[in-house]
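First the structure, in the form of structure tokens, and then the observations on it.
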Amino acid sequence: MELRKDYFADVRKDGLHEIGQPRPRLDSPGHVTGKTTYFADRNFPGMLHLKMVRSPHHHARIRSIDTSEAEKHPGVVRVLTARDVPHNVYTILILIQVGPEDETVLADGKVRWKGEAVVAVLAETERAAQEAAAKVKVDYEVLPAVFDMEEALKPGAPLVNEYHGQNYYLYDSGECRKVRFGDVEAGFAQADHILEQSYQSSPIEHAPTETTGCVVAPEGNDRFTCYTNTQAMFFTLDNASIILQMPGSKLHFVGGTVGGGFGGKVDVIVEPIAILGAKLTGRPVSFVYSREEEMQISSPRAAEKVVIKDGAMKDGRIVARKVTGYTDAGAYSRHSPYGAQKGAAHYPGPYTIPNVWIDTYCVYTNRTPSSAMRGFGVTIGDFALEVQMDKLARLIGMDPLEFRFINAYRDGDMKAHRQPTEGAALIECMQEASRAANWPVAEKYMAMSSYRKGA
Amino acid sequence: MAKVPVQFTLNGSEKAEFIESGTTLLNALRDKIGDTSPKGGCHQGTCGACSVIIDGELRLSCLTLAETCNGADIKTTAGLAEGGVLHPLQRAFLDAFATQCGFCTPGMIMAAKVLLDRTPNPSRDDVVEALSGNICRCTGYEPIIQAVLTAARANSQNAA
Chain R
1 MELRKDYFAD VRKDGLHEIG QPRPRLDSPG HVTGKTTYFA DRNFPGMLHL
51 KMVRSPHHHA RIRSIDTSEA EKHPGVVRVL TARDVPHNVY TILILIQVGP
101 EDETVLADGK VRWKGEAVVA VLAETERAAQ EAAAKVKVDY EVLPAVFDME
151 EALKPGAPLV NEYHGQNYYL YDSGECRKVR FGDVEAGFAQ ADHILEQSYQ
201 SSPIEHAPTE TTGCVVAPEG NDRFTCYTNT QAMFFTLDNA SIILQMPGSK
251 LHFVGGTVGG GFGGKVDVIV EPIAILGAKL TGRPVSFVYS REEEMQISSP
301 RAAEKVVIKD GAMKDGRIVA RKVTGYTDAG AYSRHSPYGA QKGAAHYPGP
351 YTIPNVWIDT YCVYTNRTPS SAMRGFGVTI GDFALEVQMD KLARLIGMDP
401 LEFRFINAYR DGDMKAHRQP TEGAALIECM QEASRAANWP VAEKYMAMSS
451 YRKGA
Chain L
1001 MAKVPVQFTL NGSEKAEFIE SGTTLLNALR DKIGDTSPKG GCHQGTCGAC
1051 SVIIDGELRL SCLTLAETCN GADIKTTAGL AEGGVLHPLQ RAFLDAFATQ
1101 CGFCTPGMIM AAKVLLDRTP NPSRDDVVEA LSGNICRCTG YEPIIQAVLT
1151 AARANSQNAA
């Protein structure tokens, strides 16, 4: 590894004694000896296994649920439906006042995506739980479903989620998150070049090697210990407390060791129902996603559509940018209202543009609920923005790297969402990239600085 | 359900258990015997996290029935360090930063061990081929390959 200390040398205070030095990872000795304890490495006598009965339909009314045959299946200890869950309708981000509660722990009267949890079966063995789950009879009335964001936003589209009342998340700013900066139409009017392009992505599954799950043990003091691979320990603890209507002091969460997460383990899905199972049976409970569930049921990265219209001058300055972003939340919010909002702040990219107009929609469809994944809300946006930047450079007839130097944000520049730029390093990164990739740019760009006045 | 007896050697010590017929070796090792170093990532033979060594051969313990292992000599990553001293592969994985989440690591080390037992001086292509059945979703393949090559060099220096 090469550490270039000449960049920012005049403004850096420390001597960087640690950065650039290899240090052993504290968890590696456990990993190489097989001693690291993942949640599923805990095994308790009398542990029950939880399997979920899931919706085979994208959108349907539940007429009736018959669990009688499942309850008679050998090895079955308990069958749970919506009425067993103390606070069945929840939403993860209610903890930071992002509501309304819009998702059921177990489906109540309706399913809104294919794979939605309807009935939980607890049995002595995984096999018995699986066999009994197949004996649960659910009578569905199939409803029209919508899978495309723009279709979902049209008048007359099937309503996905009644808790919202419309197929988009209602922000305090209205039907979308808005950024308004300067006068975007005036910017387009003065521009020498206009480029409008549309970019789309599909959902992406994290596919961690360790599937989502937890093991819950009832303790002797009325408390429950939940061993989990959640990436969001306190969100999970607090949401479990709400769903179970149980004080947090009754819940002891043990985690931190995750066999690959990538954002896919920040939803609160397996823990509350497993704790409820342990409470109602008095036995330890294991609820672990099968590989199929991990691929089909766990939240993927949201599908996104990004429409970008840019106005640029012959000299390379971008003078106006208008973006409409769509985030496919699937049937429930989870983290998507937040992801779409992040996109609104991000779409100008690391560039200083005087006139910006951004609308981002968080849209509900009858697809698998999406949620967090590595930079969600900005990653697909960055793909769209940087492809757009290359296309713009080609349109103007400029070198794509020099085009980015011209527009790069620098310390003190005001961003479209009214945050002043500080600690910028884009110019220095591009200077080093120019050297490392042997992609020369004009000397005036190599003399630029993110922070030195006049450079 | 009727139980069947199984008896095998695990990392040098004798093990005997009664299991339900049809139990995988992975579940027998983890749930009955308490060796949780083999991991269950897919339970369908595609990820390699459950890899163990049976009579010198690399095997997927999630696709191996425990009752077929009577009399076998089974080795797992939990038994690799001798007297508290890490095996050269374990040392190399540590030094090369070849672990991230660690879930694939025990399986990777088993696959690498079988390779080095047979091919003490493998080429890079040999290493890639030997690890091709083991998925690392953190995508740390390059340090893992380097770790195996480093361990091979350490082995040959010790032998010389």
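Chains R and L supply the protein sequences, listed in that same order. So in our numbering, spot 281 of the first sequence is number 281, and the numbers just go up one at a time. So in our numbering, spot 127 of the second sequence is number 1127, and the numbers just go up one at a time. A virtual CB, placed ideally from N, CA and C, is assigned to each residue, including glycine. All values reported here derive from a predicted model rather than from experimental measurement.
| Which of the three DSSP states, helix, strand or coil, is assigned to ALA45 of chain R? | Stepping through the first sequence from its first residue, residue 45 of chain R is reached at position 45. For the record, residue 45 of chain R in the displayed sequence is Pro; it is not Ala. Three-state result, PRO45 of chain R: coil.
| Residues of chain L with a CB under 8 Å from the CB of PRO24 of chain R: which are they? | For the purposes of this step, residue 24 of chain R is taken as the residue at position 24 of the first sequence. The contacting residues are LEU1094.
| request: Give the interface partners of PHE1103 of chain L over in chain R, defined as CB-CB distance under 8 Å, in chain order. | output: Against the second sequence, residue 1103 of chain L aligns to sequence position 103. The contacting residues are TYR38, PRO208, THR209, GLU210, GLY259, GLY260.
| Relative to chain L, which residues along the segment 1-35 of chain R have a C-beta separation below 8 Å, given in chain order? | Within the segment 1-35 of chain R, those residues whose Cβ lies closer than 8 Å to any Cβ of chain L are, in chain order, PRO22, PRO24, ARG25, ASP27, SER28, PRO29, GLY30, HIS31, VAL32, THR33, GLY34, LYS35.
| query | Are at least three pairs of beta-carbons, each pair with one atom in the segment 305-320 of chain R and one in the segment 164-181 of chain R, less than 8 Å apart? | reply | No, because fewer than three Cβ pairs between the segment 305-320 of chain R and the segment 164-181 of chain R fall closer than 8 Å, the two stretches do not touch.
| Apart from the five residues just before and just after VAL285 of chain R, which ones in its own chain have a Cβ nearer than 6 Å to its Cβ? | Locating residue 285 of chain R in the first sequence gives position 285, counting from the first residue. Closer than 6 Å at the Cβ level, and outside the excluded window around VAL285 of chain R, lie LEU48, LEU50, VAL216, ALA274, GLY277, ALA278.
| query | Any contact of the segment 253-263 of chain R with the segment 197-216 of chain R, i.e. 3+ C-beta pairs under 8 Å? | reply | For the pair of segments examined, the segment 253-263 of chain R was found to touch the segment 197-216 of chain R: the number of CB pairs separated by less than 8 Å reaches three.
| Nearest CA to the CA of CYS1062 of chain L: which residue from L:ILE1053, L:GLY1040, L:ALA1078, L:ASN1070? | On the second sequence, position 62 is the one that residue 1062 of chain L refers to. CYS1062 of chain L has its Cα closest to that of L:GLY1040, out of L:ILE1053, L:GLY1040, L:ALA1078, L:ASN1070.
| message | Can you pull out the residues from the segment 1112-1125 of chain L whose beta carbon lies closer than 7 Å to at least one beta carbon of chain R? | response | Using a CB distance below 7 Å, no part of the segment 1112-1125 of chain L faces chain R.
| Mind checking if ASP1073 of chain L is an interface residue toward chain R, Cβ cutoff 7 Å exclusive? | Position 73 of the second sequence, counting from 1, holds the residue named residue 1073 of chain L. False, the Cβ-Cβ gap to chain R never drops below 7 Å.
| Residue closest to LYS1113 of chain L, alpha-carbon to alpha-carbon, out of L:ALA1151, L:ASN1027, L:LEU1094, L:THR1068 | Taking the second sequence and counting its residues from 1, the one referred to as residue 1113 of chain L is at position 113. Checking every option, the nearest Cα to that of LYS1113 of chain L belongs to L:ALA1151.
| Spatially closest choice to PRO208 of chain R from R:GLY349, R:GLU271, R:GLU292, R:ASN43, by CA coordinates | By 1-based counting over the first sequence, the position of residue 208 of chain R is 208. Here the closest residue by C-alpha is R:GLU292.
| said: Please report the straight-line C-alpha distance between GLY423 of chain R and ASP411 of chain R, rounded to a whole angstrom. | reply: Taking the first residue of the first sequence as 1, we reach residue 423 of chain R at position 423. Taking the first residue of the first sequence as 1, we reach residue 411 of chain R at position 411. Going by the C-alpha atoms only, they are around 6 Å apart.
| If you check the beta carbons only, do TYR326 of chain R and LYS342 of chain R fall under 7 Å apart? | Translated into positions along the first sequence, residue 326 of chain R becomes position 326. Translated into positions along the first sequence, residue 342 of chain R becomes position 342. No.
| request: Helix, strand or coil for PHE1018 of chain L, going by three-state DSSP, please let me know. | output: Within the second sequence, numbered from 1, the residue matching residue 1018 of chain L stands at position 18. Strand at PHE1018 of chain L.
| Three-way DSSP call (helix, strand, coil) for ARG4 of chain R in this model | Numbered from 1 along the first sequence, position 4 holds the residue referred to as residue 4 of chain R. Reduced to three states, the DSSP call for ARG4 of chain R is coil.
| How about ASN229 of chain R and ASP1031 of chain L: are their beta carbons less than 7 Å apart? | In the first sequence, counting from the first residue as 1, residue 229 of chain R sits at position 229. In the second sequence, counting from the first residue as 1, residue 1031 of chain L sits at position 31. With contacts defined as CB atoms closer than 7 Å, ASN229 of chain R and ASP1031 of chain L fail to qualify as a contacting pair.
| request: Identify, in the order they occur along the chain, each residue of the same chain with its Cβ nearer than 6 Å to the Cβ of TYR364 of chain R, setting aside the five sequence neighbours on each side. | output: For this step, residue 364 of chain R is matched to residue 364 along the first sequence. These residues qualify, in order along the chain: VAL160, ASN161, ASN167, ALA329.
| field | Within 8 Å of chain L by C-beta, residues of the segment 297-318 of chain R in sequence order | value | none
| request: Could you spell out where the beta strand (DSSP E) holding LEU237 of chain R opens and where it closes? | output: Residue numbering aside, residue 237 of chain R sits at position 237 when the first sequence is read from its first letter. That residue, LEU237 of chain R, is in no beta strand (DSSP E); its alpha helix (DSSP H) goes 233-244.
| request: Run down chain R in chain order and give the residues with a C-beta less than 8 Å from the C-beta of GLY1041 of chain L. | output: In the second sequence, counting from the first residue as 1, residue 1041 of chain L sits at position 41. Those within 8 Å of GLY1041 of chain L in chain R are THR209, GLU210, THR211, GLY259, ARG291.
| said: Just to confirm before moving on: does the CB-CB distance between CYS362 of chain R and TYR169 of chain R stay below 7 Å? | reply: Numbered from its first residue, the first sequence carries residue 362 of chain R at position 362. Numbered from its first residue, the first sequence carries residue 169 of chain R at position 169. Yes, the pair counts as a contact, with Cβ atoms nearer than the cut-off.
| Span of the alpha helix (DSSP H) holding THR81 of chain R? | In the first sequence, the residue the question calls residue 81 of chain R occupies position 81. First-last for THR81 of chain R: undefined, no H or E at that position.
| request: Starting from the C-beta of ILE204 of chain R, find all residues in its chain whose C-beta is less than 7 Å away, skip the five residues before and the five after it, and write them out in chain order. | output: By 1-based counting over the first sequence, the position of residue 204 of chain R is 204. Taken in chain order, the residues that qualify are PRO300, ARG301, MET373.
| message | Below 9 Å on C-beta distance, what does ASN43 of chain R contact in chain L? | response | Indexing the first sequence from 1 puts residue 43 of chain R at position 43. The answer, in chain order, is ARG1030, ASP1031, GLY1034, THR1036.
| Taking all protein chains shown into account, do 16 or more other C-beta atoms lie within 10 angstroms of the C-beta of PHE234 of chain R, making it buried, or fewer, making it exposed? | Indexing the first sequence from 1 puts residue 234 of chain R at position 234. Per the 10 Å Cβ criterion, exposed.
| message | Quick check on this structure: which residue in L:CYS1101, L:GLU1020, L:ASP1035 has the alpha carbon closest to the alpha carbon of SER28 of chain R? | response | Residue 28 of chain R sits at position 28 when you count from the first residue of the first sequence. Among L:CYS1101, L:GLU1020, L:ASP1035, the Cα nearest to that of SER28 of chain R belongs to L:CYS1101.
| request: Give a yes or no on contact between the segment 135-148 of chain R and the segment 62-80 of chain R, applying the rule of three or more CB pairs nearer than 8 Å. | output: The segment 135-148 of chain R makes contact with the segment 62-80 of chain R, as at least three CB pairs between them are under 8 Å.
| field | Secondary structure of THR1024 of chain L, DSSP reduced to three states | value | To locate residue 1024 of chain L, count along the second sequence from 1; it is residue 24. THR1024 of chain L: strand per DSSP, three-state reduction.
| message | If you reduce the DSSP assignment to three classes, tell me which class HIS31 of chain R lands in. | response | Locating residue 31 of chain R in the first sequence gives position 31, where the first residue counts as 1. Residue state, collapsed to three classes: helix.
| If we call anything under 7 Å between Cβ atoms a contact, is HIS193 of chain R one with ILE318 of chain R? | For the purposes of this step, residue 193 of chain R is taken as residue 193 along the first sequence, with counting starting at 1. For the purposes of this step, residue 318 of chain R is taken as residue 318 along the first sequence, with counting starting at 1. Cβ atoms of HIS193 of chain R and ILE318 of chain R: not closer than 7 Å.
| said: By the DSSP assignment, the alpha helix (DSSP H) with HIS346 of chain R in it spans what residues? | reply: In the first sequence, the residue the question calls residue 346 of chain R occupies position 346. First-last of the alpha helix (DSSP H) with HIS346 of chain R: 336-346.
| field | Same chain, Cβ closer than 8 Å to THR281 of chain R, neighbours up to 5 away in sequence not counted | value | In the first sequence, residue 281 of chain R corresponds to position 281, counting from 1. LEU48, VAL77, ARG78, LEU122.
| said: Is GLN1090 of chain L close to chain R? Criterion is C-beta to C-beta, closer than 7 Å. | reply: Taking the second sequence and counting its residues from 1, the one referred to as residue 1090 of chain L is at position 90. Closer than 7 Å: yes.
| Neighbour flag for CYS1047 of chain L against chain R, beta carbons, 7 Å | Taking the first residue of the second sequence as position 1, residue 1047 of chain L is located at position 47. At least one chain R Cβ lies under 7 Å of CYS1047 of chain L.
| query | In chain order, what residues of the same chain have a beta carbon less than 8 Å from the beta carbon of ILE1053 of chain L, not counting five sequence neighbours either side? | reply | Here residue 1053 of chain L corresponds to residue number 53 of the second sequence, with the count starting at 1. So the list reads ARG1059, ILE1074, LYS1075, THR1076, MET1110, LYS1113, VAL1114, once near-sequence residues are dropped.
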